[in-house]
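In the order they appear, the protein sequences are chains A and B. full-length UniProt numbering applies: residue 1 is where the first sequence begins, and numbers increase by one. full-length UniProt numbering applies: residue 1 is where the second sequence begins, and numbers increase by one.
2 protein chains.
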Amino acid sequence: MVISQRATIQDVALLSGLSICTVSRALRNLPNVSEKSQQLVAQAAEKLGYKASSAAARLAGGSTGSVAIVAPTATSWFFAQAVEAAEEVFADSGWDPLLISLRNKPSVRKQLFGDLTALSQRVDGVLLLNVDLDADEIAALHASPLAVVSVGMSHVPWDNVGIDDEQAAWTATGHLLDLGHWDLAVLTGHEMSGTSVCSSRDRLAGFHRALDSHDLTVHPDLVVAAGSTIEGGRRAMTEILANRSLPTAVFAACDEAAFGALMALREHGKSAPRDVSVVGLDDHPMSWFMGLSTVAQPVADQGAFAANLMCERLQDPLVPTEGSRHMLGVKLIERKTTRRKR
Amino acid sequence: MVISQRATIQDVALLSGLSICTVSRALRNLPNVSEKSQQLVAQAAEKLGYKASSAAARLAGGSTGSVAIVAPTATSWFFAQAVEAAEEVFADSGWDPLLISLRNKPSVRKQLFGDLTALSQRVDGVLLLNVDLDADEIAALHASPLAVVSVGMSHVPWDNVGIDDEQAAWTATGHLLDLGHWDLAVLTGHEMSGTSVCSSRDRLAGFHRALDSHDLTVHPDLVVAAGSTIEGGRRAMTEILANRSLPTAVFAACDEAAFGALMALREHGKSAPRDVSVVGLDDHPMSWFMGLSTVAQPVADQGAFAANLMCERLQDPLVPTEGSRHMLGVKLIERKTTRRKR
DNA sequence: CTGAAAGCGCTTACAG
DNA sequence: CTGAAAGCGCTTACAG
Numbered sequence: 001m002v003i004s005q006r007a008t009i010q011d012v013a014l015l016s017g018l019s020i021c022t023v024s025r026a027l028r029n030l031p032n033v034s035e036k037s038q039q040l041v042a043q044a045a046e047k048l049g050y051k052a053s054s055a056a057a058r059l060a061g062g063s064t065g066s067v068a069i070v071a072p073t074a075t076s077w078f079f080a081q082a083v084e085a086a087e088e089v090f091a092d093s094g095w096d097p098l099l100i101s102l103r104n105k106p107s108v109r110k111q112l113f114g115d116l117t118a119l120s121q122r123v124d125g126v127l128l129l130n131v132d133l134d135a136d137e138i139a140a141l142h143a144s145p146l147a148v149v150s151v152g153m154s155h156v157p158w159d160n161v162g163i164d165d166e167q168a169a170w171t172a173t174g175h176l177l178d179l180g181h182w183d184l185a186v187l188t189g190h191e192m193s194g195t196s197v198c199s200s201r202d203r204l205a206g207f208h209r210a211l212d213s214h215d216l217t218v219h220p221d222l223v224v225a226a227g228s229t230i231e232g233g234r235r236a237m238t239e240i241l242a243n244r245s246l247p248t249a250v251f252a253a254c255d256e257a258a259f260g261a262l263m264a265l266r267e268h269g270k271s272a273p274r275d276v277s278v279v280g281l282d283d284h285p286m287s288w289f290m291g292l293s294t295v296a297q298p299v300a301d302q303g304a305f306a307a308n309l310m311c312e313r314l315q316d317p318l319v320p321t322e323g324s325r326h327m328l329g330v331k332l333i334e335r336k337t338t339r340r341k342r
Numbered sequence: 001m002v003i004s005q006r007a008t009i010q011d012v013a014l015l016s017g018l019s020i021c022t023v024s025r026a027l028r029n030l031p032n033v034s035e036k037s038q039q040l041v042a043q044a045a046e047k048l049g050y051k052a053s054s055a056a057a058r059l060a061g062g063s064t065g066s067v068a069i070v071a072p073t074a075t076s077w078f079f080a081q082a083v084e085a086a087e088e089v090f091a092d093s094g095w096d097p098l099l100i101s102l103r104n105k106p107s108v109r110k111q112l113f114g115d116l117t118a119l120s121q122r123v124d125g126v127l128l129l130n131v132d133l134d135a136d137e138i139a140a141l142h143a144s145p146l147a148v149v150s151v152g153m154s155h156v157p158w159d160n161v162g163i164d165d166e167q168a169a170w171t172a173t174g175h176l177l178d179l180g181h182w183d184l185a186v187l188t189g190h191e192m193s194g195t196s197v198c199s200s201r202d203r204l205a206g207f208h209r210a211l212d213s214h215d216l217t218v219h220p221d222l223v224v225a226a227g228s229t230i231e232g233g234r235r236a237m238t239e240i241l242a243n244r245s246l247p248t249a250v251f252a253a254c255d256e257a258a259f260g261a262l263m264a265l266r267e268h269g270k271s272a273p274r275d276v277s278v279v280g281l282d283d284h285p286m287s288w289f290m291g292l293s294t295v296a297q298p299v300a301d302q303g304a305f306a307a308n309l310m311c312e313r314l315q316d317p318l319v320p321t322e323g324s325r326h327m328l329g330v331k332l333i334e335r336k337t338t339r340r341k342r
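Below, the structure is given as structure tokens:
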């Protein structure tokens with residue numbers, strides 16, 4: 001048996017005895033299709049192994065068959081995990097996932113979101129992974145016909161999945177406090193130009209809340225931006241080491257920054273937890289080896305969850321987007337880089 | 001100024017005073033277009049900011065405007081780097097990069113390459129990153145209308161870019177030999193079901209060649225598959241540690257496997273280079289911190305180079321694919337996990 | 001070297 | 001609830 005040509009909507013119409021138009025509506029779950037027609041179409045499509053041509057649909061003004069996965073960068077551990085998990089869900093649901101890396105450049109971001117018409121022409125939905133949008137971009141995206149779902153972005157009018165970053169940071173900081181430390185430093189994420197990326201902002205807020213509850217404050221010099229790379233963490237910690245007095249504990253807002261901090265300490269002949277206690281947030285695969293105490297978050301789960309949400313939205317476009325929140329759990333993992341203050 | 005609608009080929013035809021058909025040909029650099037028409041069209045298109053609708057082109061049988069980046073998995077450090085570098089090149093050249101992860105599952109690979117018609121409908125070209133294809137898949141892909149470029153796949157009839165894996169492994173192994181070690185173990189990459197992935201195969205070959213030149217052999221128990229993950233390396237090294245006699249040095253075919261090996265050693269109360277010298281291959285960002293001696297390879301460069309090659313092929317489809325080879329350089333980096341045998 | 005015509009496979013109003 | 005018609009913006013033979 002050879003199936004020489006792909007079945008078209010025409011074939012489905014012929015086999016089901018209905019018009020192309022009705023078939024089209026039935027296939028897209030639009031209203032005004034009788035129960036019976038719906039079934040007839042479903043059967044015929046199934047039998048023919050019919051799959052709509054996304055090119056034709058797109059040209060005619062319908063679905064593009066694609067979704068975009070946009071990340072600030074695709075190289076970090078977190079994004080690689082989340083992207084792959086999302087890719088898997090999309091592929092299994094028949095959506096082609098377009099990868100868009102912002103390369104940490106605001107210009108790329110502005111260009112992409114500056115022309116939503118162009119983006120809409122290519123994809124039906126956009127999965128945003130910790131993208132730092134400004135208020136205008138959020139409004140435009142929300143007003144566009146694009147389905148939007150995000151990971152790690154609170155204060156956003158569409159569905160979001162993430163962890164409770166504020167709480168996670170509070171937990172990590174609380175761990176340090178519980179060990180008797182009160183002279184803390186924090187390695188924060190990237191500086192935020194937009195208004196939506198809250199993992200950085202919320203984590204910093206959680207850090208401050210933990211301090212507040214103990215009537216503690218942090219010296220401004222000890223709040224330093226590290227981004228989410230090893231190199232950034234190393235630079236940040238080196239900066240702290242240049243101060244005349246070392247804090248007794250450091251909360252790094254992500255594990256990779258914590259690794260960098262550990263490097264910097266070692267380069268200065270110091271180590272954790274002997275000279276400074278260090279706690280991270282992520283539970284990166286290397287953290288176990290490094291003995292890094294950290295707050296673990298489920299990364300692949302967040303990507304997969306968000307992608308599933310997107311697929312649901314896309315499948316039934318009539319259901320209005322609610323802007324639901326989904327928080328996945330985190331867990332403190334005590335290892336060897338933190339210990340009681342002496 | 002508001003540009004309400006995107007310019008169509010019609011607009012370009014009107015402005016240039018030529019027919020749609022000629023415009024179409026000119027835009028695609030097809031033959032049979034006079035120098036003058038070519039210029040007219042270029043100017044008009046430029047002025048209108050014209051960009052062809054990929055949906056319309058695809059439907060009419062032309063370019064899809066997309067390329068696929070396919071990787072065995074998207075989560076490992078190597079692939080995340082290469083994918084991002086390729087994504088950047090494609091995006092800058094106006095090609096939409098579709099991400100396809102094989103998730104290390106042969107079934108996903110077979111399904112993808114089993115129906116090249118479906119794939120051709122979605123993309124013009126396929127960038128293969130260390131994908132382990134079997135002979136049939138290679139032949140089918142080569143015969144298809146798809147442009148194909150690969151990274152890290154030798155013995156393949158299309159353009160390939162990579163490092164000289166055999167030589168790199170020879171260098172790493174030679175480093176061990178130079179230090180006086182002769183009782184070696186090797187942690188190889190994944191077992192190969194196909195015929196094209198040669199990074200694993202070639203690296204093992206380089207290891208053997210180095211041994212041969214010293215009239216040395218390796219005990220079969222000391223050749224163990226580790227894949228390219230930390231966990232795989234850890235398992236493999238644990239297996240070696242279960243043998244009654246430990247080799248004095250280990251070559252791990254990738255850094256992540258080397259990290260795992262280091263973990264396993266530590267779990268057994270041993271360490272490198274005290275008990276065993278360990279050399280890797282990659283120069284992962286963590287390797288510096290781990291003090292891992294390794295052979296560095298340029299990862300992002302390989303992805304970018306291959307993507308550029310693809311863009312060239314795609315831009316001028318008339319030039320036949322030559323199956324060119326491009327080898328990027330590697331460099332031995334001696335750090336602290338290797339030392340002279342005593 | 002150039003253009004008029006048909007058609008790719010869908011969807012969208014618009015009548016029934 | 002259903003269908004005939006037009007059209008989305010290109011490309012591909014086919015004449016000139």
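Every residue gets a Cβ at the ideal spot worked out from N, C-alpha and C, and that includes glycine. Please read all numbers here as calculations on a predicted model, not as lab measurements.
Are residue i and residue j touching if we call contact CB-CB under 8 Å?
i, j, result
"V295(B)", "A172(B)", "yes"
"R209(A)", "S277(A)", "no"
"A257(B)", "G232(B)", "yes"
"V161(A)", "H284(A)", "no"
"N130(A)", "P72(A)", "yes"
"Y50(A)", "A7(A)", "yes"
Could one say the Cβ of residue i lies closer than 8 Å to chain A's Cβ atoms, at least one of them?
i, result
"A7(B)", "no"
"T195(B)", "Because the pLDDT at T195(B) is just 49, under 50, the model does not fix this residue reliably, and the point stays unresolved."
"E46(B)", "no"
"T73(B)", "yes"
"M286(B)", "yes"
"V156(B)", "no"
"V83(B)", "yes"
Does any CB atom of chain B fall closer than 8 Å to the CB of residue i?
i, result
"E88(A)", "yes"
"L265(A)", "no"
"R339(A)", "no"
"S101(A)", "yes"
"E239(A)", "no"
"P97(A)", "yes"
Taking 6 Å as the limit between beta carbons, can you name the residues of its chain near residue i, skipping five residues before and five after?
i, result
"residue 343(B)", "Residue 343(B) is absent from the structure shown; chain B starts at 1 and stops at 342."
"C311(B)", "S93"
"V148(A)", "V126, L141, W158"
"F113(A)", "E137"
"A44(B)", "V12, L15, S16"
Near residue i, what residues of its chain come up, given a Cβ to Cβ distance below 7 Å and the 5 sequence neighbours on each side ignored?
i, result
"A264(A)", "R234, M237, T238, L241"
"D221(B)", "N243"
Could you please give me the residues that DSSP links to residue i through a beta bridge?
i, result
"G162(B)", "M327(B)"
"A225(A)", "T188(A)"
"S150(B)", "L128(B), N160(B)"
"G280(B)", "T294(B)"
"I333(A)", "T294(A)"
"A249(B)", "L184(B), S277(B)"
"L99(B)", "I69(B)"
Span of the beta strand (DSSP E) holding residue i?
i, result
"V70(A)", "66-71"
"A26(B)", "It is not in any beta strand (DSSP E) - A26(B) instead sits in the alpha helix (DSSP H) that spans 20-27."
"T294(A)", "293-296"
"L216(B)", "First-last for L216(B): undefined, no H or E at that position."
Please report the residue range of the alpha helix (DSSP H) in which residue i lies.
i, result
"G232(B)", "230-242"
"S120(B)", "116-122"
"G260(A)", "255-267"
"A143(A)", "135-143"
"A85(B)", "77-92"
"E46(B)", "35-48"
"M310(A)", "299-315"
"R58(A)", "54-59"
Report all residues from its chain with a CB closer than 8 Å to the CB of residue i; omit the five preceding and five following residues, and keep chain order.
i, result
"A168(B)", "R203, G206, L281, V295, Q297, V330"
"R122(B)", "T64, S66, A68, L98"
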